[in-house]
Every structure is written in structure tokens, then in C-alpha cells.
Amino acid sequence: MAKLYFVATSVIALPSRDAGVVSALARVHPCRLSKTKGSRLLNRREAVKLVNRNNGLETIRFALGAGSMDIRSPSAIAIDYDSADALGVKLGESGLEIEVRKASYWSIFGYYLRHPDWGYRLTTHVGLGGLILGIIGAGLGVISFF
Numbered sequence: 001m002a003k004l005y006f007v008a009t010s011v012i013a014l015p016s017r018d019a020g021v022v023s024a025l026a027r028v029h030p031c032r033l034s035k036t037k038g039s040r041l042l043n044r045r046e047a048v049k050l051v052n053r054n055n056g057l058e059t060i061r062f063a064l065g066a067g068s069m070d071i072r073s074p075s076a077i078a079i080d081y082d083s084a085d086a087l088g089v090k091l092g093e094s095g096l097e098i099e100v101r102k103a104s105y106w107s108i109f110g111y112y113l114r115h116p117d118w119g120y121r122l123t124t125h126v127g128l129g130g131l132i133l134g135i136i137g138a139g140l141g142v143i144s145f146f
């Protein structure tokens, strides 16, 4: 199981400049961010998996500090409408249990395979196809020696 950073109990709406499919941001209270690499806190732009404990829905987002937002509670998280919809919650809602976990490599890869923006999705599929063809070519090259 991935590392649990904290459990968010309330959801705040991201400003429109941070919202959107391409950016996929989640803003957290500054006390949740690490000043140095390797600590037990979140790093800036680290991929996190948000999991709603109440219904099991999840999504991948990239963590940032509060920026110009006023996130007063360390147990609050600011997300956009698409994230709230994916988690099955309403913006501004409190009394929630949303786990903020470290996203695994495979969950990030899966996120980009199903990304809503075709540019990200296509490049991931082309890269995966190139990897598969490269492995097949290397296998055929090894077989040709025998």
C-alpha cells in the first residue's frame, strides 16, 4: 500500500487559473509540504492519489502549496471540479475522509494512459508501443544468433 500523507476532511474550490484538465493540481496547507527532499512530507509537484474513504473513488493529482489561496486548515485540500466529480464529493463540503497517498509509478502511468487530454494520452500510447516494439526487436535479435 502506498504511503499515507494525511486525511483531508474538507474540500475547497481551486481558483479558475489553477483548475482544468491539463494542470490536475491539488493545493494543500503549507505545513504539509517539505522544504527538503526525502522527508515524510509531500514534495512540490509530487503525484498524489486522492482516495475517498466513503465510496472508494480515487483520482491522481499533483500537490502544490497554498500559493495565493487562503487554506486555513491543515486538513483541507483545494481541488477543481473534475477532481471533486471523480471523488464523488461537492466543492466546499466538509466532514469528508479523503486520503492523500503517494501515487505509485503504475498508477501514474495508468493515469496518463487514460488522461482526458488527447495530447498526453497519445504520447503515452506511442511511447508504450515503441517500448513493446523495441522489446520484440531485441528478442528477435537475440533469437537470430541461434
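As numbered in the working numbering, the sequence shown has no gaps in its residue numbers, which increase by one up to the final residue, 146.
Just so you know, even glycine gets a beta-carbon here, dropped at the ideal spot from N, CA and C.
For residue i, which residues of its own chain have a beta-carbon under 6 Å away from its beta-carbon, when the five flanking residues on both sides are left out?
i, result
"Lys3", "Lys102"
"Glu93", "Val11"
Output yes or no for whether 8 Å exceeds the beta carbon distance between residue i and residue j.
i, j, result
"Ile71", "Val11", "no"
"Arg53", "Glu99", "yes"
"Leu96", "Leu64", "no"
"Pro74", "Arg32", "yes"
"Ala8", "Ala66", "no"
Distance, Cα to Cα, residue i vs residue j?
i, j, result
"Leu42", "Ile135", "35 Å"
"Pro30", "Leu113", "31 Å"
"Ala86", "His115", "13 Å"
"Ser107", "Ile60", "8 Å"
"Arg34", "Phe6", "Correcting the residue type first, residue 34 is Ser in the shown sequence and not Arg. Answer to the nearest angstrom: the Cα atoms are 13 Å apart."
"Val21", "Pro15", "13 Å"
"Gly119", "Arg45", "20 Å"
"Thr123", "Leu140", "26 Å"
"Leu128", "Arg121", "11 Å"
"His125", "Met69", "36 Å"
What does a CB cutoff of less than 8 Å around residue i pick up in its chain, not counting 5 residues either side in sequence?
i, result
"Leu91", "Val11, Ile12, Ala13, Ile79, Tyr81, Ala84"
"Lys37", "Asn43"
"Tyr105", "none"
Label residue i either buried or exposed according to how many other C-beta atoms from any shown protein chain fall within 10 Å of its C-beta, with 16 as the threshold for buried.
i, result
"Ile189", "Examination of residue 189 is not possible in this model, given that the chain is present from 1 through 146 alone."
"Leu50", "buried"
"Asp18", "buried"
Once the 5 residues before and after residue i are set aside, which same chain residues still bring their CB inside 7 Å of it?
i, result
"Gly88", "Asn52, Asn55, Leu57"
"Ala47", "Ile60, Phe62, Ala103, Ile108"
"Tyr111", "Ile60"
"Ser147", "In the structure as shown, the chain starts at 1 and stops at 146, and residue 147 therefore has no counterpart that could be examined."
With a threshold of 8 Å between beta-carbons, can residue i be considered close to chain D, or not?
i, result
"Leu140", "No chain D is part of this structure, which consists of one protein chain only."
In chain order, each beta strand (DSSP E) run of at least 3 residues that lies wholly inside the stretch 80-123: 94-102
What beta strand (DSSP E) runs, 3 residues minimum, are completely inside the stretch 11-89? 25-28, 47-52, 58-64, 76-79
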